[in-house]
Each structure stands twice: as C-alpha cells, then as structure tokens.
Amino acid sequence: MSHAPHTFLPRALLASLALLPLAASAQPVSLVPVADNTIFFDGVPTSALSNGVGDGLFVGRTAARAGVAHRGLTRFDLSAIPAGSTITSVQLTMTVTRVPRAVAFTPIALHRVDAPWGEGSSITFGGGGTGSDPGDASWLHRFFPNQLWATPGGDFAATASAVAIAPLDPGPIVWNSTPALVADVQSWLDNPIANFGWLLKGDEVTEASTRKIASREAFLPEERPILVVDFVPAPACDSIDFNGDGLFPDDTDLVEFLTVLAGGDCTTGTCNDIDFNNDGLFPDDSDLVAFLTVLAGGDC
C-alpha cells in the first residue's frame with residue numbers, strides 16, 4: 012500500500028519529486044509457440060492418434076467420420092518477459108486455413124492445461140489423425156506410449172479463459188485479452204514449471220464443424236500463431252551508492268538517504284532521487300525497506 016507524502020518534506024522537494032516519471036510499460040513481446048499438437052478421439056477407448064509436427068491443428072468435429080473429435084494444444088515460452096513483470100494484456104492470433112462448407116461461425120475456446128504434454132514426430136495433413144510417435148500427446152496420452160492424462164481428452168480447466176468465433180472463410184481468428192488470459196500468462200511467468208499452455212476446444216457436437224488452424228510448423232511464417240503480451244517490468248532499484256561518492260556500501264549512504272528522505276539536502280550534491288525502488292511512489296516506506304534490504308546484501 013502506498014503512503015501519503017510525509018508532511019515534513021518541503022513543498023519544493025515534493026514538487027520536484029512529482030515531476031519524476033512513473034514506471035512505464037515495456038514494449039510488448041510477440042511470441043510463437045514452442046510446442047503444439049492435435050489430439051483425436053475416434054470413438055474407441057484406446058484412441059492414440061496425434062499430429063505432432065503437421066502444418067495444422069484441427070479443432071471441432073468431422074463430417075465424414077462423425078465420431079472423430081479434434082482438440083488442439085499450444086504452448087509458449089515466456090522467458091523473453093523479465094521475471095517479476097506484471098502482465099497487463101494478452102492477445103492470441105491464429106490463422107484458419109481450412110473451413111467446412113456446411114457450418115458457419117463456430118466458437119473456439121482456450122482452456123488452461125493443467126498437466127505437461129508432448130509434441131512428437133507424428134505428422135498428418137488431414138483431419139483423421141495418425142498413429143502417435145514416442146513423446147506425442149494423444150486423446151489418452153500426455154506422452155505416448157505410457158504417460159496418460161488423468162482424464163481422456165486432456166487435463167484442463169473447465170472454464171474457458173477466452174472464446175473467439177472462427178471465421179466463415181480462411182483467415183485470422185483472434186482471442187482478445189481477458190482477465191483469465193492475463194491471469195494464465197501471469198501465473199506461468201511467476202511459475203514457469205507450471206506452464207502447460209492452452210487447449211483449443213471447438214464445437215464437438217455439430218458435424219462438420221472442424222477448422223484447420225495453422226500450427227507453428229505452417230509453411231508460411233505469417234500464418235503461424237502469435238501471442239502478443241503487454242507487461243510492466245518490475246521496478247529496479249537504484250545503486251546502493253546513494254550519494255555517488257564511489258564508496259559503497261557504507262554508513263554515509265544510509266545517512267544521506269535518511270537525510271533526503273526526511274527532507275534534508277544531499278551533502279555531496281550528487282545523491283539519487285528518493286524513489287529508490289523506482290515504483291513511482293515516493294517518498295514512502297517501501298523505498299526505505301528496499302534501500303535497507305539492498306544495503307544488507309539482499310535483492311531489490
């Protein structure tokens with residue numbers, strides 16, 4: 012919680028501090044998947060069909076084989092976003108490359124996946140799937156041939172994080188930012204070991220509702236999925252050499268910091284501003300806590 016400015020600070024100092032910039036958002040990052048796959052249900056309990064490195068993900072239900080349902084899986088590496096950042100917006104854009112003739116607009120939902128899964132070397136260009144290769148995800152398997160989903164069809168959150176309507180003709184499909192998408196990406200950034208991506212679930216009741224969506228292996232780079240993430244980086248603390256005399260950490264830095272915090276003047280004339288943790292809130296207790304923590308050898 013931020014605190015009101017201390018009343019003993021001179022008005023001139025408060026005015027100058029108010030002119031300092033607040034923390035700003037970084038440039039958004041655009042990410043492509045590091046893994047994707049399609050899992051297929053063909054009406055039998057031992058279904059082990061997959062499409063690990065095909066050029067498309069299949070989502071929905073077929074017409075020719077009405078018992079076949081398709082679900083897509085996709086996962087993104089978030090390491091390009093600095094740890095400790097706050098996610099503010101998430102948008103996923105994919106490209107529908109094949110549509111059915113009989114079914115018009117179809118919702119496709121993104122569900123957070125709750126268990127790890129794999130992309131093996133299986134490949135098919137049609138919607139029927141092919142036999143899984145080692146490491147592939149299938150309707151039964153997280154990793155073929157011996158690591159199973161707890162629930163056939165994938166372990167994922169029951170509530171969708173976002174829903175988009177697939178186009179009637181080939182073209183982009185966009186899942187705009189929602190609080191749930193932001194929460195998903197934030198949780199994965201904070202805990203990368205739990206980043207299992209999203210499952211794409213379409214209309215599995217209506218025959219001929221399947222859409223083919225370009226995968227990360229699509230021939231045309233412009234058709235590949237893109238995840239755009241906006242974020243605010245974590246504040247970075249100033250140098251512990253608060254008074255700029257080249258000697259640190261030493262008592263004079265602490266004395267100068269407390270003097271300026273209390274509204275006094277920097278004796279060296281080169282002190283940093285009092286917003287030590289650069290969070291845009293100053294003067295406040297968190298600046299003092301951060302300064303003392305770094306002075307003691309801790310992290311900002």
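Position one of the sequence shown corresponds to residue 12 (the working numbering), numbered consecutively onward. All residues carry an ideal CB built from backbone N, CA and C; glycine is no exception. Quick caveat, the model's predicted, so the values are computed rather than measured.
Asked, Found
"What are the start and end residues of the alpha helix (DSSP H) that includes S133?", "Taken as a continuous stretch (DSSP letters only), S133 belongs to no alpha helix (DSSP H), as it is neither H nor E."
"Who are D241's beta bridge partners in DSSP?", "S100"
"If we ignore side chains and look at the alpha-carbon of each, how far apart do T304 and A247 end up?", "13 Å"
"Taking the DSSP output, what are the residues bridged to P183?", "T106"
"So, at 6 Å on beta carbons, what are the nonlocal neighbours of Q120 in its own chain, with the 5 sequence-adjacent residues on each side left out?", "For the sequence presented, residue 120 should be read as Ala rather than Gln. For A120, where only same-chain residues beyond five positions count, the Cβ hits under 6 Å are A171, V174 and K212."
"Just reading off the beta strand (DSSP E) that D47 is part of, what are its end residues?", "P44 to F52"
"Quick check on this structure: which residue in V239, V79, E234 and D47 has the alpha carbon closest to the alpha carbon of V64?", "D47"
"Sorted by chain position, which residues of the same chain lie with C-beta nearer than 6 Å to T189's C-beta, five sequence neighbours on each side aside?", "A173"
"Which class does T304 belong to by DSSP, given the choice of helix, strand or coil?", "helix"
"S297 by DSSP, collapsed to three states: which one?", "helix"
"List the residues that DSSP assigns as beta-bridge partners of W209.", "T85 and R123"
"Check whether the stretch 187-201 touches the stretch 147-167, counting contact only when three or more Cβ pairs, one atom from each stretch, lie closer than 8 Å.", "no"
"Check for me: the beta strand (DSSP E) holding L68 runs from which residue to which?", "G67 to R72"
"Would I224 and G67 qualify as a contact pair, given that the criterion is a beta-carbon distance under 8 Å?", "yes"
"Report the rounded CA-to-CA distance for L238 versus P181, giving the unit in angstroms.", "19 Å"
"Within the chosen definition, does the stretch 204-219 reach the stretch 78-98 through at least 3 CB pairs nearer than 8 Å?", "yes"
"Is the Cβ-Cβ distance between T73 and G138 less than 8 Å?", "yes"
"For the stretch 227-245 and the stretch 99-107, state whether three or more C-beta atom pairs, one from each stretch, are separated by less than 8 Å.", "yes"
"Taking only runs that begin and end inside the stretch 235-291, name each unbroken beta strand (DSSP E) of 3 or more residues, in chain order.", "237-243"
"Grab me the residues of I50's own chain with a C-beta within less than 6 Å of its C-beta, minus the 5 sequence neighbours each way, in chain order.", "R82, A148, S149 and W150"
"Does DSSP put L151 in a helix, a strand or coil?", "coil"
"Helix, strand or coil for I224? Go by DSSP, reduced to three states.", "strand"
"Going by DSSP, what residue range makes up the beta strand (DSSP E) through V174?", "A173 to A177"
"So, under 8 Å CB-CB, S96 and A245 are touching, yes? Tell me the CB distance rounded to an integer number of Å.", "6 Å"
"Look at the Cβ atom of G308, then the Cβ atom of T279, and state whether they are nearer than 8 Å.", "no"
"Taking all protein chains shown into account, do 16 or more other C-beta atoms lie within 10 angstroms of the C-beta of L272, making it buried, or fewer, making it exposed?", "buried"
"Using the Cβ count rule (16 or more neighbours within 10 Å means buried), how would you classify L269?", "exposed"
"Between W160 and A205, how many whole angstroms is the CB-CB distance? I'm expecting something under 8 Å.", "Not confirmed; about 16 Å, so no contact."
"Within the continuous alpha helix (DSSP H) that includes A194, where are the two ends?", "P190 to D201"
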